[in-house]
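Peer 1: Residue numbers (this note's numbering), protein chains in the order written: chain A, 7 to 330; chain B, 7 to 330.
Cβ coordinates follow ideal geometry from the N, Cα and C atoms, glycine included.
Fair warning: this is a prediction, and the values are worked out from it, not measured in the lab.
Below is one structure. I have some questions about it.
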């Protein structure tokens with residue numbers, strides 16, 4: 007992580023810690039303060055600030071709008087965690103576990119409204135900004151629904167999977183960048199190039215997430231390696247393995263997937279072994295590189311001095327190399 | 007119901023029936039079309055149109071924004087019905103029953119975003135409109151949380167109850183009227199007077215709802231009379247009865263409230279009997295009249311010819327006299 011990135015994250019965390027969101031009834035606002043305090047990479051607001059800085063220097067003036075994107079992201083986490091019945095988020099109890107599902111629903115709703123509220127003082131064309139935000143928010147919900155639908159299907163194609171993660175994860179990164187550009191007065195072409203950069207990088211980012219779940223160094227990862235394998239999550243790795251497995255490997259995979267009682271470590275080791283035989287790690291890395299490369303191409307085509315764009319290049323490289 | 011009101015409701019229903027909301031994944035958009043098709047009084051969009059007409063004639067141009075308020079209202083119904091574990095809405099299965107709670111959560115989220123989207127082409131100061139909408143949306147969520155909190159308490163005061171229904175129900179009526187005024191270029195004072203009219207009428211409207219649940223004519227009511235009594239819902243009637251009951255009446259009420267097994271009809275008859283002894287019907291009617299009267303006062307103070315305001319007066323009178 008570069009010093010520049012560290013400083014932006016610190017600035018964002020400082021401003022987030024000053025947010026109150028609301029007071030009464032506290033059942034509604036305490037969960038928002040809780041989830042916002044759990045940390046995270048703060049990648050999305052960083053992207054807003056970095057995109058803005060490409061065109062204008064006074065990025066201190068649009069921090070609330072950068073935070074809006076992080077607040078929106080946390081709204082999706084609150085509701086997704088209910089739907090996925092996830093007990094933990096960043097190593098702590100999820101909102102619906104710490105409180106209850108009703109609290110997570112209603113607090114989540116308030117969080118979404120707060121995100122809109124934090125956008126209101128954006129410089130530039132507010133209508134266009136909210137229109138883009140709405141489009142992104144709908145896409146993120148569609149992605150979550152596709153993700154849930156996929157869990158009910160025997161398998162899904164690579165194209166379907168990539169489109170799902172594009173919606174669920176990548177377009178919010180793209181929107182963050184576009185928002186920064188729009189607020190700084192960038193033209194439509196520039197805003198679109200940054201959006202494209204964000205979407206490609208976002209797909210690469212999710213593929214890296216899928217990869218880390220299986221191949222991360224447990225000492226550095228910060229959560230249980232193999233969680234997706236244990237829960238049969240349809241990641242890029244599992245889908246490619248199901249697609250490319252020979253009959254014997256396929257039978258072994260299906261056997262692990264359908265088992266209801268098993269030793270966690272044994273299953274993770276066995277499935278990772280099948281992935282290794284098929285060469286899934288190299289395949290996923292290649293696919294990830296392909297998307298990051300498309301991201302770099304979009305960024306290169308943006309007519310701004312390379313030096314100004316360096317923080318975005320550094321950020322993408324940090325996302326490629328991250329170990330957690 | 008006046009012919010004018012009938013025509014506005016027909017216009018709204020026609021335009022609602024033309025809305026698509028979205029296509030894929032259909033799990034997300036089908037529940038929206040479903041809940042929007044269940045009908046209802048369409049009171050909220052009517053208020054938007056009526057307020058707009060006080061200042062400008064071309065109300066056909068702001069129908070989408072009127073619908074936004076109805077779409078928002080249905081978002082709250084979708085999520086509230088999950089929280090309240092309600093099986094029926096307007097006599098049909100609720101979304102979380104017809105599909106499942108996850109669908110109702112995520113479809114509800116999309117419905118909220120759609121409401122924002124339908125506001126975007128509002129004439130006038132979009133920032134002010136969305137700021138007011140956010141404030142209203144937060145208040146409605148706060149009202150729902152207070153309502154849920156109240157169910158866990160032995161009793162609540164009249165003031166607390168009125169403040170809860172103000173937030174949960176009345177401010178959205180106020181916002182609808184204010185939105186119409188803002189879009190038509192009314193000044194701040196006029197918009198505020200209409201907002202106040204809506205909030206007072208909204209509180210009266212909810213008190214009438216509470217009253218109808220106990221005292222409606224079953225043949226005309228359209229749903230089970232006594233539903234609130236069966237579920238021990240803390241309505242104005244129950245709270246006032248608990249406040250004013252003599253020791254004997256209080257013991258009888260507490261007995262019915264704590265019973266886990268009982269004949270529905272028997273409980274409704276018994277509790278209504280206690281209400282009758284205490285004179286709860288007259289008390290509730292008086293309180294309802296008080297709020298409607300405050301509403302009429304707010305409307306009277308609005309400096310617009312009485313003839314132009316007649317549809318709003320007629321609407322309030324229709325709400326006072328309604329039997330369902």
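Between the Cα of residue 357(A) and the Cα atoms of 270(A), 69(A), 301(A) and 326(A), which residue gives the shortest distance?
Peer 2: Because chain A spans 7 through 330 in this model, residue 357(A) falls outside it and cannot be assessed.
Peer 1: Note down the Cα distance separating residue 120(B) from residue 27(B), rounded to an integer number of angstroms.
Peer 2: Stepping through the second chain from its first residue, residue 120(B) is reached at position 114. Stepping through the second chain from its first residue, residue 27(B) is reached at position 21. Whole-angstrom Cα-Cα distance: 7 Å.
Peer 1: Which same chain residues end up closer than 8 Å to residue 132(A) when comparing Cβ atoms and leaving out the 5 residues on each side of it in sequence?
Peer 2: If you number the first chain from 1, residue 132(A) lands on position 126. Correct list, in chain order: 125 and 126.
Peer 1: Could you compute how far the alpha carbon of residue 101(A) sits from the alpha carbon of residue 226(A)?
Peer 2: Translated into the one-based positions of the first chain, residue 101(A) becomes position 95. Translated into the one-based positions of the first chain, residue 226(A) becomes position 220. Using only the alpha carbons, I get a separation of about 25 Å.
Peer 1: Measuring only the C-alpha atoms, how far is residue 265(A) from residue 41(A)?
Peer 2: Your numbering for residue 265(A) matches position 259 in the first chain. Your numbering for residue 41(A) matches position 35 in the first chain. Roughly 34 Å between the two C-alpha positions.
Peer 1: Counting only beta-carbon atoms, is residue 123(A) nearer than 7 Å to chain B?
Peer 2: Taking the first chain and counting its residues from 1, the one referred to as residue 123(A) is at position 117. At least one chain B Cβ lies under 7 Å of residue 123(A).
Peer 1: Name the residue from 9(B), 187(B), 142(B) and 280(B) whose alpha carbon lies nearest to the alpha carbon of residue 262(B).
Peer 2: As a position in the second chain, residue 262(B) is number 256, starting the count at 1. That would be 280(B), whose Cα lies nearest to the Cα of residue 262(B).
Peer 1: From the beta carbon of residue 89(A), is the nearest beta carbon of chain B less than 7 Å away?
Peer 2: In the first chain, the residue the question calls residue 89(A) occupies position 83. Yes, its Cβ sits closer than 7 Å to a Cβ of chain B.
Peer 1: Within a Cβ cutoff of 8 Å, which residues of the same chain sit near residue 184(A), ignoring the five residues on either side of it in sequence?
Peer 2: As a working mapping, residue 184(A) is identified with position 178 in the first chain. Hits under 8 Å: 57, 138, 197, 198, 200, 201 and 204.
Peer 1: How about residue 246(A) and residue 289(A): are their beta carbons less than 7 Å apart?
Peer 2: As a first step, residue 246(A) must be located in the first chain, where it is residue number 240. As a first step, residue 289(A) must be located in the first chain, where it is residue number 283. The answer is yes: Cβ separation under 7 Å.
Peer 1: Chain A partners of residue 143(B), CB-CB under 7 Å?
Peer 2: The sequence position of residue 143(B) within the second chain is 137, counting from 1. Simply 119.
Peer 1: In chain B, which residues lie less than 8 Å from residue 85(A) when you measure between Cβ atoms?
Peer 2: Along the first chain, one-based indexing puts residue 85(A) at 79. Correct list: 111, 112 and 115.
Peer 1: Taking a Cβ distance cut-off of 7 Å, strictly less, list which residues of the stretch 127–143 of chain A are near chain B, in chain order.
Peer 2: Going along the stretch 127–143 of chain A in chain order, one finds 132, 133, 136, 137, 140 and 143 with a Cβ nearer than 7 Å to chain B.
Peer 1: Which residues share a DSSP beta bridge with residue 349(A)?
Peer 2: In the structure as shown, chain A starts at 7 and stops at 330, and residue 349(A) therefore has no counterpart that could be examined.
Peer 1: Please classify residue 105(B): does DSSP put it in a helix, a strand, or coil?
Peer 2: Your numbering for residue 105(B) matches position 99 in the second chain. Coil.
Peer 1: Got a sec? Which residues, its chain only, sit under 8 Å from residue 408(A) by beta carbon, not counting five neighbours each side?
Peer 2: Outside the shown range of chain A (7 to 330) lies residue 408(A), about which nothing can therefore be said.
Peer 1: Report yes or no: is there a C-beta of chain B within less than 7 Å of the C-beta of residue 298(A)?
Peer 2: Translated into the one-based positions of the first chain, residue 298(A) becomes position 292. For residue 298(A), the answer is no, since every Cβ of chain B falls outside 7 Å of its Cβ.
Peer 1: Whole angstroms are fine: how far does the CA of residue 224(A) sit from the CA of residue 149(B)?
Peer 2: On the second chain, position 143 is the one that residue 149(B) refers to. On the first chain, position 218 is the one that residue 224(A) refers to. Roughly 45 Å separates the two Cα atoms.
Peer 1: Report yes if the CB atom of residue 207(A) is closer than 7 Å to the CB atom of residue 235(A), and no otherwise.
Peer 2: Sequence index remark: in the first chain, residue 207(A) carries index 201 (1-based). Sequence index remark: in the first chain, residue 235(A) carries index 229 (1-based). Cβ distance not < 7 Å, so residue 207(A) and residue 235(A) don't count as in contact.
Peer 1: Are the C-beta atoms of residue 33(A) and some chain B residue less than 7 Å apart?
Peer 2: Within the first chain, numbered from 1, the residue matching residue 33(A) stands at position 27. Answer yes: the Cβ-Cβ gap between residue 33(A) and chain B drops below 7 Å somewhere.
Peer 1: Just the C-alpha distance for residue 32(A) and residue 130(A), rounded to the nearest angstrom, thanks.
Peer 2: Residue numbering aside, residue 32(A) sits at position 26 when the first chain is read from its first letter. Residue numbering aside, residue 130(A) sits at position 124 when the first chain is read from its first letter. Using only the alpha carbons, I get a separation of about 34 Å.
Peer 1: So, helix, strand or coil for residue 227(A), using DSSP?
Peer 2: Counting from one through the first chain, the residue named residue 227(A) turns up at place 221. It is helical.
Peer 1: Classify residue 73(B) as helix, strand or coil using the three-state DSSP reduction.
Peer 2: Here residue 73(B) corresponds to residue number 67 of the second chain, with the count starting at 1. Note: residue 73(B) maps to helix in three-state DSSP.
Peer 1: Any beta-carbon of chain A closer than 7 Å to the one on residue 151(B)?
Peer 2: One-based indexing of the second chain puts residue 151(B) at position 145. Yes, residue 151(B) counts as interfacial toward chain A.
Peer 1: I'd like the list of long-range same chain contacts for residue 98(A), defined as Cβ closer than 6 Å, with 5 residues on each side in sequence excluded.
Peer 2: The count along the first chain starts at 1 and reaches residue 98(A) at position 92. For residue 98(A), where only same-chain residues beyond five positions count, the Cβ hits under 6 Å are 44.
Peer 1: Going by Cα to Cα distance, which pick from 88(B), 317(B), 68(B) and 116(B) is closest to residue 39(B)?
Peer 2: Walking along the second chain from the start, residue 39(B) turns up at place 33. It is 116(B).
Peer 1: Whose CA, out of 22(B), 30(B) and 59(B), lies closest to the CA of residue 10(B)?
Peer 2: Locating residue 10(B) in the second chain gives position 4, counting from the first residue. That would be 59(B), whose Cα lies nearest to the Cα of residue 10(B).
Peer 1: My understanding is that residue 73(A) touches residue 118(B), with C-beta atoms under 8 Å, so please give their C-beta distance in whole angstroms.
Peer 2: Locating residue 73(A) in the first chain gives position 67, where the first residue counts as 1. Locating residue 118(B) in the second chain gives position 112, where the first residue counts as 1. That pair is no contact at about 20 Å.
Peer 1: Ignore the nearest five residues each way along the sequence and tell me which others in residue 330(B)'s own chain have a CB closer than 6 Å to its CB.
Peer 2: One-based indexing of the second chain puts residue 330(B) at position 324. Around residue 330(B): 226, 227 and 228.
Peer 1: Kindly indicate the opening and closing residues of the alpha helix (DSSP H) around residue 275(A).
Peer 2: Locating residue 275(A) in the first chain gives position 269, counting from the first residue. First-last of the alpha helix (DSSP H) with residue 275(A): 270–284.
Peer 1: Quick check: is the beta carbon of residue 339(B) nearer than 7 Å to any beta carbon in chain A?
Peer 2: Lying outside 7 to 330, the shown extent of chain B, residue 339(B) is not represented and no answer is given.
Peer 1: What do you reckon, are the CB atoms on residue 34(B) and residue 151(A) nearer than 7 Å?
Peer 2: The residue labelled residue 34(B) in the question sits at position 28 within the second chain. The residue labelled residue 151(A) in the question sits at position 145 within the first chain. Result yes, Cβ atoms of residue 34(B) and residue 151(A) sit closer than 7 Å.
Peer 1: So, with DSSP's three-state summary, where would you put residue 133(B)?
Peer 2: Within the second chain, residue 133(B) is the residue found at index 127, counting from 1. Note: residue 133(B) maps to helix in three-state DSSP.
Peer 1: On the three-state DSSP scale, how would you describe residue 162(A)?
Peer 2: Counting from one through the first chain, the residue named residue 162(A) turns up at place 156. DSSP places residue 162(A) in coil when its eight states are reduced to three.
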